[in-house]
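Residue numbers (our numbering): 305 to 1067.
Every residue, glycine too, gets a C-beta built ideally from N, C-alpha and C.
Quick caveat, the model's predicted, so the values are computed rather than measured.
Below is one structure, written out as structure tokens; comments come after it.
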Amino acid sequence: MDYLDDLNEAQKVAVQSTDGPMMVIAGAGSGKTRVLTYRIAHLIELGVDPFSILSLTFTNKAAKEMKERIGKIIGDDEARNIWMGTFHSVFSRILRIECEKINYPRNFTIYDTADSKSLVKTVIKEMGLDDKVYKPGVVYNRISSAKNNLISPAAYADDPEISSEDKMAGRPRLAEIYATYKNRCFRAGAMDFDDLLFNTNVLLRDHPDVLHKYQHRFRYILVDEYQDTNFSQYLIIKKLAAAHENVCVVGDDAQSIYAFRGASIQNILNFKQDYPGFKIFKLEQNYRSTKVIVNAANSVIEKNKDQIKKTVWTDNPDGKQIIVHKASSDNDEGQFVASRIFDLKNQFKTTHKDFAILYRTNAQSRAFEEALRKINLPYRIYGGLSFYQRKEIKDLLAYFRLTANPQDEEAFKRVVNYPARGIGKTSLEKLLIAANDADLSLWETIERAAETSHSLNNAALGKLRDFTTSIKSFQALIQNQSAYDLGQHIASSSGLLKDLHQDKSPEGVARYENIQELLNGMKEFSDSGEGSGKNGLRTLADFLLDVALLTDADNDDGDNDKIALMTIHSAKGLEFPYVFIVGMEENLFPSQMAMNSREELEEERRLFYVALTRAEKEACLSYATTRYRWGNLIFADLSRFIDEIDESFLDRRDLLNSRKPKSFNEDFSNARKGFFNPSNKSANDTLFSDKKQVSQAITNPKNAGAIAKPDDISVGTEVLHSRFGKGKVLSIEGENENRKATVFFPSAGQKQLLLKFAKLELA
DNA sequence: TGGAATGATGTTTTT
DNA sequence: CATCATTCCA
């Protein structure tokens, strides 16, 4: 048990207290993941069967990493058998086994947010309501939070408080929408994200035998990020833990950032009530960050009224003060961050993955992408539009879903006429009406068209039948073909692949490649492990099990040395040596949506606390005084959160006004000085061509000589671009470093390129 | 019925 | 500024 030596005293005690209920309140960077990891390893070392350990994490990625770390301590074979994953993925697995008991088909599909909203919208329209008043997004959120609080449609309708809220908001019929929505999901054999938890609760409530089974299977239960669980999740844990009461929850109230999604501090308080004899441990020593960062973060979070008192401290070095940078615009902010990363990277010989750029909203990523791309720094964007949300991917997945579960109506509507089969809006509308009249799924309505009343003409019905026939031909292959083989077959015989292949625009090509990538992933999936098909074949149905629960963060593309761009929410649980927190402006961070109450503002503040405490060595805050929003230039003030940091931890460069030319230039000349012999030229003389060569020499040594100087390029010049290929300059505007060329590329169309960055070669 | 063109409309955060 | 959705035309 020498692995215990890796732990400090507090951690060791927490790891070794294996039995009975316990709560670990763990400050940021205090090694809470370490405690969980070692605790599980320790349990197994003591002889606990891995199959009887249930460990719930916040993301799939966290689960995967934890499994790997446990594997390193006690061996992969043991680690593999632990029940570990997000609430959603673990309980979808259990529902997959047990769902017929609550009348769902074995191959139920999972609706993602887009599917759910689309269905909500359909329901609203069918009820003849105005979707300006009943906004699908708002209605969906309302339904979602009802479900997360385990309020059924009937309970929703009966609750006087809820009813009056909805009436006040001008949405008296929300309860009806909820009921219809729920019914339609059920009819489609589909569960949305919240249903996975809601229905788990139903299952455990109505089937004592099932409850009993899992209570005894899971002798040890661990929950990470407990502060971010909602009521529905809380109750599942409570029920499952009731038999053994070996439940260990780990969290930090200061990092609770999902109240908007129904997470509640109440769960921590409930825990104390539910298990009066519980043990509590506090981990307060931070191993991650410098003193400056820890103390700066403390000085911020202390402004919150709602919190459990604790003192996070560290033995680490003081570290550098936190730089505050003022940019003149969002693009300027992007350039500053990019060039500073460039600088730090050269100065400290670090890798790209040591850097993270954190922002409040996904929309902010653009300026940073552009700036990084211009100086050839590799980056990866997390979140945003995920791979699985792209249209072409969703289209193909819809075919898969329909093959596995023909009742799935959202999938049906998505592809019934894509690629075009002459089944138009009118036909679909008629089908929907008939389906609602008979309370059948769209699929069944077609199947039983002879016996039910409908207004479809024979031609339309024929086309619909052709469609279902082709889906049926896919269904016949499920058991006998691998996910990959069938996936390939569906992609081509549905006509989808052909449709994409015909589109030669760059976007069209990208879509085609995405499909190939999905199929490649399926190939890998099919070749690894046992499935439910014939001879253990991994089938399409197996592939679909949790594809809806995957996010981008779960994909590794091999090359991982990249700068991370993500929202602060998705940075939770991660750490980076150098962290840039950008967009530190009032109304952006804190968000203007979150300034209506103290509670909301405090959540924003916790979010800022999370952001700061991601940094190990250096944090840097920046804000832009102007920024484009909805295409309009708006002016912004710096965020109140900057003022809330004790100023002794800050390097307020932003207050030194009119600081030399532009930081961009300065940082580049610094980089230059660090890496090349100083030239005779003065800093001003080294302006553009030189600078360009510096970055060029570092990032792309081979081509350094061939690049055209901006002066070499004029209207009519034929040029070569690394990505777009050959092109012709149509016009030029701007002066010196701002010279911008409009170039026409036969392959990519017309592009505007800033000459100092575009690295055009003369053709 | 399908496609293109025009208009309107919206950005918090995620499993 | 995008994207989306609806509208209008072929």
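Secondary structure note for Val-553: its beta strand (DSSP E) is the uninterrupted segment 551-555.
The Cβ atoms of Tyr-591 and Gly-335 lie closer than 8 angstroms to each other. The stretch 308-350 is shown to contain whole beta strand (DSSP E) runs of 3 or more residues at 326-330, in chain order.
When secondary structure is reduced to three states using DSSP, Glu-733 falls in the helix class.
With distances taken between CA atoms, Arg-664 lies nearest to Ala-898 out of Glu-372, Lys-866, Ala-898. Within the stretch 592-623, complete alpha helix (DSSP H) segments of at least 4 residues are found at 595-605, given in chain order.
For Phe-362, there is no enclosing alpha helix (DSSP H), as DSSP marks it with neither H nor E. In the three-state scheme derived from DSSP, where H, G and I count as helix and E and B as strand, Asn-590 is classed as strand. Three or more Cβ pairs closer than 8 angstroms define a contact, and the stretch 541-550 falls short of that threshold against the stretch 883-892.
Remark: C-beta atoms of Tyr-415 and Ala-494 approach each other more closely than 8 angstroms. One thing to note: Ile-525 has its Cβ within 8 angstroms of the Cβ of Ile-541. By a beta-carbon distance limit of 8 angstroms, Ile-597 contacts Leu-916. Their separation comes to about 6 angstroms. The alpha-carbon separation between Tyr-482 and Ile-447 amounts to approximately 6 angstroms. In the DSSP assignment, Pro-881 falls within the unbroken beta strand (DSSP E) covering 880-885. Our two residues, Lys-827 and Ser-797, have alpha carbons roughly 18 angstroms apart in a direct line.
Around the beta carbon of Ile-584, a 10 Å sphere encloses fewer than 16 other beta carbons of the protein chains shown; the residue is thus reported as exposed. In the structure shown, Tyr-444 falls within a helical segment according to DSSP collapsed to helix, strand and coil.
Three or more beta-carbon pairs separated by less than 8 angstroms link the stretch 439-456 to the stretch 496-507, which places the two stretches in contact. The C-beta distance from Lys-838 to Asn-784 rounds to 6 angstroms, short enough to meet the 8 angstroms contact threshold.
Burial is judged here by how many other beta carbons sit within 10 angstroms of a residue's own beta carbon; Val-317 has fewer than 16 and is exposed. Ile-377 is the residue among Ile-377, Thr-361, Leu-399 whose C-alpha sits nearest the C-alpha of Ile-348.
When the five nearest sequence neighbours on each side are left out, the beta carbons in the same chain lying within less than 8 angstroms of the beta carbon of Gln-531 are those of Gly-555, Asp-556, Asp-557, Gln-559, Ser-560, Ala-567, Ile-569, Asn-571, Ile-572, in order along the chain. DSSP places Leu-781 outside both helix and strand once states are collapsed to three, so it counts as coil. Pairwise C-beta distances place the stretch 654-663 out of contact with the stretch 615-623, as fewer than three of them are shorter than 8 angstroms. Using a Cβ distance threshold of 8 angstroms, Asn-740 and Glu-430 count as a contacting pair.
Under the three-state reduction of DSSP, Lys-630 is assigned to strand. For the set Pro-440, Arg-477, Val-442, the Cα lying nearest the Cα of Ala-458 is the one of Arg-477. The C-alpha of Phe-640 lies about 18 angstroms from the C-alpha of Ser-943.
Residue burial annotation: Thr-533 is buried, with at least 16 other C-beta atoms found within 10 angstroms of its C-beta.
Listed in chain order, the non-local C-beta contacts of Gln-779 below 7 angstroms within the same chain comprise Thr-707, local neighbours out to five positions each way being set aside. Segment contact: the stretch 796-813 against the stretch 691-711, three or more CB-CB distances shorter than 8 angstroms; contact assigned. Going by DSSP, Leu-790 is part of the alpha helix (DSSP H) stretching over 787-797.
Taking 8 angstroms as the cut-off, the beta carbon of Val-628 is found closer than this to the beta carbon of Arg-957. Of the candidates Asn-487, Asn-385, Phe-912, Ser-832, Asn-487 places its Cα closest to the Cα of Val-427. DSSP, reduced to helix, strand and coil, places Asp-958 within a helical segment of the structure shown. Nearest Cα to Ala-492 within the set His-520, Arg-521, Gly-581, Asp-712: Asp-712.
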